[in-house]
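Asker:
Residue numbers (the working numbering): 49 to 710.
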């Protein structure tokens, strides 16, 4: 018996060694290919780089990062420095509290800043380009600032009290442990909470009035919140409501009431919510009896409305909402029980809330931006009930950029929103190049924050289109559910309908159309290039997910288990396996005329295995060449299929320098 065991083990090892060797050889040949091709783009790259640097310098000086106001003090971060200024003194006299350079870490950038309630300590997380994990540095402020503690592999952290910090640690892309650490009296650190279920991810958040620190454990379909009373930070956390499938909730607090933002309705409506009106409600319950049987409805969002952000004040709460691509505010008064709706400028696509530690403030500050509009500061005044645009130093505003919002009719008659930007002076739009963007997964919206390169494209006469397909979160929770698991193909039908409508309306034409996608957006982009290659001429993918089937079969990968709620479980469900096979980009490559493809991937990407991308590129090239050799008629076009594998960089957003190089 023992004799038979040995060879099987050896055989297994041989196959692992063979696949590693194959991977290395594939990678080597792609790197050589890239090194041969890239010099041809040198001159163009140089011109673009200079232009982008010019735009970056023009706009960063004026927009600045969000401010944190605490009493008389204003904290802000710029270019790796953290500054402290006095409210009355102006920012010209700001003192430097921290600089990344002083630590001697070259490629790190500041990700998160939290100041303790008494402003004696500052906690900062630093992240480098090559890692998903951040390092938390706690600095004691005062005349002689000193680094008190350095905690590796931290994801989120919040101050529960003046010298009590709670933090979560990250390992293999998972966050499951919450620790508490103290800095004065008896310094110690202890484990406070552990999440046992691999599908759940733990995050920390403080309520606006700093009364509670919340430990939030979320999967893709349910959540559970535990409260730490900030007046008694050493007492064990208390459960708000045990996890229930289909119920996602977040907590705020005001005057001994918990305000609960949730996907759960009153029992009578619950069946309807699970089918169609899968939407957000604002509910409330007493702190002492917070179970969902005690939740009372305060306000229900309209159907197909996305809640982007939510901010509590002493007498009001502001909801930042999105409907069919349009942004607006709803102001709910707890005093008069009224709801005011405030329209925002038509060009606005993204909000960023400035932090307002004072609950009692009568003004809410936020920034609005779009891919081609740098962040602009606005204020909403509760007293005046009006929106005020904050003037900054004069900056050339893009007046010649036109924003259009369209609705494309998908295969099942669903209307899919598209946001289009183009130069007002552009004549003959059907001759202009068009860049189409898509994502459509995890209930996450397409990224529409300001990017210098998007503005540059507009100036150079391009049309930019953003397709808000199902699977994303643009039209609320139901929009995501309609595009995940057994509904994934709906996202593909939506994308096809969007591109066809753009061409029908005279926005460019297939031979001038490129499609851009990143990460999970690569599923829909790759699928479209298999089913409708004639709709586009080029495709640009960044760290794309192109091999859904093989990835979801590998349970040893860090994200496979929790991702089953998005893609399904092909290991246990034959129907699911067939369905994934029907759209998976890698599985459906066939000899035909493909668009040209440029892919950027990262050697150490923990989220998207590089092997899948290498094999995809190889198979795609072979199919394109097979097609060309079979149909060697005159003027036959062989697409360029290029892969740039970067040694550095990781899957998530990175610093300006890194994105500039990319």
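No residue lacks a Cβ here, since even glycine has one placed at the ideal position from N, Cα and C.
Owing to the predicted nature of the structure, the values given are computational and were not obtained by experimental measurement.
(1) Taking residue 253 as the reference, which of 208, 244, 182, 392 has the closest Cα?
(2) Tell me the residue span of the alpha helix (DSSP H) that contains residue 545.
(3) For the alpha helix (DSSP H) that contains residue 367, what are its first and last residues?
(4) Taking 8 angstroms as the threshold, find out whether the stretch 241-253 comes into contact with the stretch 204-224 through three or more Cβ pairs.
(5) Checking the sheet assignment: what are the DSSP bridge partners for residue 118?
(6) By a C-beta neighbour count over all protein chains shown, 10 Å radius and 16 as the cutoff for buried, is residue 418 buried or exposed?
(7) I think residue 575 touches residue 558, with their Cβ atoms under 8 angstroms apart; what is that distance to the nearest whole Å?
(8) Counting only runs of 3+ residues fully inside the stretch 626-690, write out the beta strand (DSSP E) ranges in chain order.
(9) So the candidates are 619, 346, 524, 499; which of them puts its Cα closest to the Cα of residue 512?
(10) Is the beta carbon of residue 185 sitting closer than 8 angstroms to the one on residue 194?
(11) Exposed or buried, which one is residue 710 when buried takes at least 16 other CB atoms within 10 Å?
(12) How should residue 88 be labelled, buried or exposed, when 16 other C-beta atoms within 10 angstroms of its C-beta is the threshold for buried?
(13) Which same chain residues, not among the five before or five after residue 457, have their C-beta less than 7 angstroms away from its C-beta?
(14) Sort 177, 536, 430 by Cα distance to residue 613 and report the nearest one.
(15) Would you mind stating whether residue 205 and residue 192 have Cβ atoms separated by less than 8 angstroms?
(16) Anyone know if the C-beta pair for residue 128 and residue 161 falls short of 8 angstroms?
(17) Between which two residues does the beta strand (DSSP E) harbouring residue 388 extend?
(18) Is the stretch 113-126 close to the stretch 89-105, with three or more CB pairs under 8 angstroms?
(19) Which of the three DSSP states, helix, strand or coil, is assigned to residue 270?
(20) Using DSSP with H/G/I as helix, E/B as strand and the rest coil, what is residue 329?
(21) Taking 8 angstroms as the threshold (C-beta atoms), are residue 264 and residue 298 in contact?
(22) Can you tell me which of the three DSSP states residue 519 falls into?
(23) Can you give me the Cβ contacts of residue 64 inside the same chain, cut-off strictly under 8 angstroms, excluding the 5 residues immediately before and after it?
(24) Among residues of its own chain, excluding the 5 on either side of residue 560, which ones have a beta-carbon nearer than 8 angstroms to its beta-carbon?
(25) Count the other CB atoms, across all protein chains shown, that sit within 10 Å of the CB of residue 485; report buried if there are 16 or more and exposed otherwise.
(26) Out of curiosity, what's the CA-to-CA distance linking residue 543 and residue 571?
(27) For residue 502, which of helix, strand or coil comes out of DSSP?
(28) Take residue 694 as the anchor and find which of 73, 82, 70 has the nearest alpha-carbon.
(29) What is the DSSP secondary structure of residue 247, reduced to helix, strand or coil?
(30) Quick one, are the C-beta atoms of residue 366 and residue 379 less than 8 angstroms apart?
(31) When you compare the CB positions of residue 296 and residue 266, do they come within less than 8 angstroms of one another, or not?
(32) Mind checking which residues open and close the alpha helix (DSSP H) that includes residue 202?
(33) Could you confirm whether any beta carbon from chain E is found closer than 8 angstroms to the beta carbon of residue 269?
(34) Within the same chain, show all residues whose beta-carbon is closer than 6 angstroms to that of residue 372, passing over the 5 residues directly before and after it, in chain order.
Answerer: According to the structure shown:
(1) Taking the chain shown and counting its residues from 1, the one referred to as residue 253 is at position 205. Comparing Cα-Cα distances from residue 253 to each of 208, 244, 182, 392, the minimum goes to 208.
(2) In the chain shown, the residue the question calls residue 545 occupies position 497. It spans 536-552 - the alpha helix (DSSP H) in which residue 545 sits, taken as one unbroken run.
(3) One-based indexing of the chain shown puts residue 367 at position 319. No alpha helix (DSSP H) contains residue 367, which is instead part of the beta strand (DSSP E) from 364-371.
(4) yes
(5) Position 70 of the chain shown, counting from 1, holds the residue named residue 118. Note: residue 118 sits in a beta bridge opposite 121.
(6) One-based indexing of the chain shown puts residue 418 at position 370. Counting Cβ neighbours within 10 Å, residue 418 comes out buried, since at least 16 surround it.
(7) Start at 1 with the first residue of the chain shown, and residue 575 comes out as number 527. Start at 1 with the first residue of the chain shown, and residue 558 comes out as number 510. Actually they do not touch by this definition, with Cβ atoms about 17 angstroms apart.
(8) 644-650
(9) For this step, residue 512 is matched to residue 464 along the chain shown. That would be 499, whose Cα lies nearest to the Cα of residue 512.
(10) Position 137 of the chain shown, counted from the start, is the residue given in the question as residue 185. Position 146 of the chain shown, counted from the start, is the residue given in the question as residue 194. For residue 185 and residue 194, no; Cβs fall outside 8 angstroms.
(11) Start at 1 with the first residue of the chain shown, and residue 710 comes out as number 662. That one is exposed.
(12) Along the chain shown, read from residue 1 onward, the residue named residue 88 stands at position 40. When all chains shown are included, residue 88 counts as exposed.
(13) The residue given as residue 457 occupies position 409 in the chain shown. Counting only Cβ-Cβ distances below 7 angstroms, and skipping sequence neighbours, we find 463, 545.
(14) Taking the first residue of the chain shown as 1, we reach residue 613 at position 565. Here the closest residue by C-alpha is 536.
(15) Here residue 205 refers to the residue found at position 157 when the chain shown is read from its first residue. Here residue 192 refers to the residue found at position 144 when the chain shown is read from its first residue. Their beta carbons are not under 8 angstroms apart, which means residue 205 does not touch residue 192 by this criterion.
(16) Working through the chain shown from its first residue, we reach residue 128 at position 80. Working through the chain shown from its first residue, we reach residue 161 at position 113. No, the Cβ-Cβ distance between residue 128 and residue 161 is not below 8 angstroms.
(17) Along the chain shown, read from residue 1 onward, the residue named residue 388 stands at position 340. Taken as a continuous stretch (DSSP letters only), the beta strand (DSSP E) holding residue 388 covers 387-391.
(18) no
(19) Within the chain shown, residue 270 is the residue found at index 222, counting from 1. Coil, per DSSP.
(20) Taking the chain shown and counting its residues from 1, one reaches residue 329 at position 281. Strand.
(21) Along the chain shown, read from residue 1 onward, the residue named residue 298 stands at position 250. Along the chain shown, read from residue 1 onward, the residue named residue 264 stands at position 216. Contact flag set, yes.
(22) If you number the chain shown from 1, residue 519 lands on position 471. The answer is coil: DSSP assigns residue 519 none of H, G, I, E or B.
(23) Here residue 64 refers to the residue found at position 16 when the chain shown is read from its first residue. Around residue 64: no qualifying Cβ.
(24) Start at 1 with the first residue of the chain shown, and residue 560 comes out as number 512. Same-chain partners within the cutoff: 479, 480, 481, 482, 585.
(25) As a position in the chain shown, residue 485 is number 437, starting the count at 1. The residue is buried, with at least 16 neighbouring Cβ atoms inside 10 Å.
(26) The residue labelled residue 543 in the question sits at position 495 within the chain shown. The residue labelled residue 571 in the question sits at position 523 within the chain shown. Their Cα atoms are separated by approximately 12 angstroms.
(27) In the chain shown, the residue the question calls residue 502 occupies position 454. Residue state, collapsed to three classes: helix.
(28) What you label residue 694 is simply residue 646 of the chain shown in a count that begins at 1. When only C-alpha atoms are compared, the closest one is 82.
(29) Position 199 of the chain shown, counted from the start, is the residue given in the question as residue 247. Correct three-state label for residue 247: coil.
(30) Along the chain shown, read from residue 1 onward, the residue named residue 366 stands at position 318. Along the chain shown, read from residue 1 onward, the residue named residue 379 stands at position 331. Yes, the pair counts as a contact, with Cβ atoms nearer than the cut-off.
(31) Locating residue 296 in the chain shown gives position 248, counting from the first residue. Locating residue 266 in the chain shown gives position 218, counting from the first residue. Yes.
(32) Taking the chain shown and counting its residues from 1, one reaches residue 202 at position 154. Residue 202 -> not in any alpha helix (DSSP H); beta strand (DSSP E) instead, spanning 194-209.
(33) Checking the listed chains, one finds no chain E in this structure; it contains a single protein chain.
(34) Here residue 372 is taken as the residue at index 324 of the chain shown, counted from 1. Excluding residues within five positions, the ones whose Cβ falls inside 6 angstroms are 465.
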